[in-house]
Amino acid sequence: MECSICGSESVTTLKSKKISAKTKEINELLLKCNDCQSVFKESISESKPISIRLIISEHESSKKTSIDIYPDEKLTKGNLLLSDMGEVEITSLETKDGKRVESTITENISTIWTNSIEIPARVGVSVDLTGKVDSFKVELDRDFEFATDDFIKITAYIIRINVIKTQERKIRDGFAKARVTQRIYGKPVKFNNHDYDLTDKIVSRKGLEPKRR
Ligand SMILES: [Zn+2]
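For the sequence shown, counting from 1, position 133 maps to 133 in full-length UniProt numbering; every step adds exactly one.
Right, here's the structure in full:
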């Protein structure tokens, strides 16, 4: 803020009054310059946050809430938001004309689609039994890291990971965090040692099914 008479940046606020309009908040100020002693008025207008529908997915279920964000704020897929139901990550933005986009300003958005990042990651485990697959779902800390060639115990099996399938790609040599992993694939090995045991992390077991090609 600077003095409208002499340009000095040393001003004191004598009075301030906030006026709330439909989409804006106007702050009317009465100011005094510390250099030339002039008294003058200034008004600053700010956009008001708008309420946007927010859908939070938690694995198979989802919750609906809303969040207040400034209309000119740009949102992008992957951004984190703090909702009234905890921290969430944007997966998609639905615009007012019904399109799904990866990035836009809040003003254009009708619904923000997100995943909760406060719940454990859910990862599939496929045990390849040559012709058949024994399939599990496990829940793990989001930062848990899988590496190809890890030896895993799950129920009576000890398997070695040969593929890690993430949201983006299939990893045959490398590692990935549980939060981006959809499924790990491994074959049983005749080996008694293992790097970790996922048995008590199992949330569901599909049972044996024919291997899909
Ligand atoms: Zn002045």
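The beta carbon of each residue, even a glycine, is placed where N, CA and C say it ideally should be.
Every value quoted in this text rests on a predicted model; they were computed, and no experiment measured them.
For residue 180, there is no enclosing beta strand (DSSP E), as DSSP gives it neither H nor E.
In the three-state scheme derived from DSSP, where H, G and I count as helix and E and B as strand, residue 108 is classed as helix. With at least 16 other beta carbons inside 10 angstroms of its own, residue 159 counts as buried. Taking residue 175 as the centre and dropping the five residues before and after it, the same chain places the C-beta of 145, 146, 147, 148 and 164 closer than 8 Å to its C-beta, in chain order. Ranked by Cα distance from residue 29, the options 38, 44 and 35 are led by 44. Rounded to whole angstroms, residue 16 and residue 59 show a C-alpha spacing of 49 Å. If you ignore the 5 residues before and after residue 187, its C-beta comes within less than 7 Å of the C-beta of 128, 159, 160 and 162, all in its own chain and listed in chain order.
Residues of the same chain with a CB within less than 6 Å of the CB of residue 76, apart from the 5 flanking positions on each side, are 103 in chain order. DSSP links residue 196 through a beta bridge to 152. Three or more beta-carbon pairs separated by less than 8 Å are not found between the segment 194-211 and the segment 165-173, which leaves the two stretches without contact.
Going by C-alpha positions, residue 19 is about 24 Å away from residue 38.
Contact between the segment 99-117 and the segment 180-194 is absent: fewer than three C-beta pairs spanning the two stretches fall below 8 Å. Membership of residue 33 in the beta strand (DSSP E) is indicated by the continuous run 24-33. Collapsing the DSSP output to three states places residue 17 in a strand.
Around the CB of residue 126, 16 or more other CB atoms lie within 10 Å, so the residue is classed as buried. Bridge pairing for residue 12: 32 [DSSP].
Taking C-alpha positions only, residue 27 is separated from residue 82 by approximately 27 Å. Distances from the alpha-carbon of residue 35 to those of 25, 13, 7 and 47 put 7 closest.
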